[in-house]
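Data block below; observations after.
Residue numbers (our numbering): 300 to 719.
Quick look at the structure:
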């Protein structure tokens, strides 16, 4: 599949609308940490308080995503996602209006905003089979989704800073969250979202977590998230040791640029073989590319090494989306993808917490050692638990067909998993 495959995917009816709406709807999540800290500081709060409020949002989000994902699988997307988007936005608006006094109200607003963040990521990935219907298009969609995340997390903070400059920190909070509601509305008002129904599911309190294969993927991406969280902090320490200024942004921008290049390249071709085996190779390559960061050379070569460290990130995510779909028990697609978001986010938070003392005692090299160790741990999880990934509990008909039919053709009457 050439680059034209992306164009064909986006020209599929509703595909561009769903992707764009999901990205806009996720802006509040992508910008929350920065927007909360900026507003808290503008209100006279300390960095410690700002960090605590941001952490409250993050923890609530980690709990809310899989629970709301399960609700989507049970009750459909519009009945869950739009109300939750509105409640999340109201939480942020309350924070912007009340400020830091009384403080319990500020914390409550953060918990509401974080917990009710709609599971748009999981919802979009559950929709793709019914919208695109062909394995090659779904392959391109997963890759483009992973690439778009890098763009969103780069553009989102710039939008926040622009809003702050033109208006205020409070206005930035409110505008971003209004945009989030509009993005969610664009998704849930579309026919694919309104018509989508989850497959029949077995009643089980563990839901998607009863899949051993899914647990392996979640553990793997916990460590991938930890690596990324530690790189963010280690990059600041590296910048402090090399003159400060914009150096940390050079490294993080190079990391995102590497992910963009890797994701576009990965999605521009079809891959033979089982995605589980491919994920092991990609994660191993990701871990290997983290190790050279320990060299901490001058700024120019370090920027190049940061770019190399990002190359396999988007391919790892794109491949993981396929593996999660194959291993999620029937009727748990949105919940399973939402657990991936939670695992990744919690890992990033833990990595950020661990790397602080490491940097304090050993400088930037110690910080990058945490990232390299996390990457190696992710690879070891996949290697040690490879048996759990050999027999998916449920193979997506689209993906399963692609393993034997390289043409990716769709038979008349084809019915994709999770289709309405």
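Don't be surprised by glycine CBs; every beta carbon is placed ideally from N, CA and C.
Inset, instruction - Kindly confirm or deny that the stretch 408-420 and the stretch 374-394 touch, where touching means at least three C-beta pairs closer than 8 Å. - result: yes
Inset, instruction - Report buried or exposed for residue 542, applying the criterion of at least 16 other Cβ atoms within 10 angstroms of its Cβ. - result: exposed
Legend entry - Every unbroken alpha helix (DSSP H) inside the stretch 523-596 [4 residues or more]: Taken in chain order, the complete alpha helix (DSSP H) segments of 4 residues or longer contained in the stretch 523-596 are 546-566 and 574-589.
Inset, instruction - Pull up the distance between the alpha-carbon of residue 642 and that of residue 355, whole angstroms please. - result: 16 Å
Legend entry - Contacts around residue 635, its chain only, beta-carbon distance under 7 Å, and the 5 residues preceding and following it disregarded: Closer than 7 Å at Cβ, skipping near neighbours: 507, 513, 623 and 627.
Legend entry - Residue nearest to residue 661 in terms of C-alpha spacing, selected from 631, 564 and 536: 536
Inset, instruction - Work out the CA separation of residue 539 and residue 665 for me, nearest whole Å. - result: 14 Å
Inset, instruction - Inspect the beta-carbon positions of residue 441 and residue 323 and report whether they are closer than 9 Å. - result: no
Legend entry - Sub-9 Å separation of residue 337 and residue 406 beta-carbons: no
Inset, instruction - Give a yes or no on whether the C-beta atoms belonging to residue 498 and residue 612 are separated by under 9 Å. - result: no
Inset, instruction - Compute the beta-carbon to beta-carbon distance between residue 264 and residue 418, rounded to the nearest angstrom, for a pair I have assumed lies under 8 Å. - result: The first residue shown for the chain is 300 and the last is 719, placing residue 264 beyond what the model contains.
Inset, instruction - Could you check how far apart the C-beta atoms of residue 459 and residue 633 are, in whole angstroms? I think they sit under 8 Å. - result: Not a contact, Cβ separation roughly 28 Å.
Inset, instruction - Find out if the Cβ-Cβ distance for the pair residue 489, residue 305 is shorter than 9 Å. - result: No, they are not a contact pair.
Legend entry - Contact under 9 Å by Cβ, residue 519 with residue 619: For the 9 Å CB-CB criterion, residue 519 and residue 619 form a contact.
Inset, instruction - Confirm, please, whether the CB-CB distance from residue 670 to residue 608 is below 9 Å. - result: It is a contact, given that the beta carbons lie within the stated cut-off.
Inset, instruction - Take the Cβ of residue 659 as the centre, count every other Cβ of all protein chains shown within 10 Å, and call the residue buried at 16 or more, exposed below. - result: Exposed, since its Cβ has fewer than 16 Cβ neighbours within 10 Å.
Inset, instruction - Excluding the 5 residues preceding and the 5 following residue 381 in the sequence, name in chain order all residues of the same chain whose CB lies nearer than 7 Å to its CB. - result: 483, 484 and 487
Inset, instruction - Compute the Euclidean distance between the alpha carbons of residue 446 and residue 342, then round it to the nearest angstrom. - result: 35 Å
Inset, instruction - Buried or exposed for residue 698, please, with buried defined as at least 16 other CB atoms from any protein chain shown within 10 angstroms of its CB. - result: For residue 698, the pLDDT reaches just 43, beneath the cut-off of 50, and the residue's location in the model is therefore unreliable, although a value from the coordinates is still provided. It counts as buried.
Legend entry - Identity of the residue in 586, 583 and 478 nearest residue 385 by Cα: Cα-wise, what sits closest to residue 385 is 478.
Legend entry - Under 9 Å between C-beta atoms of residue 605 and residue 554: yes
Inset, instruction - Consult DSSP for residue 376 and reduce its assignment to one of helix, strand or coil. - result: coil
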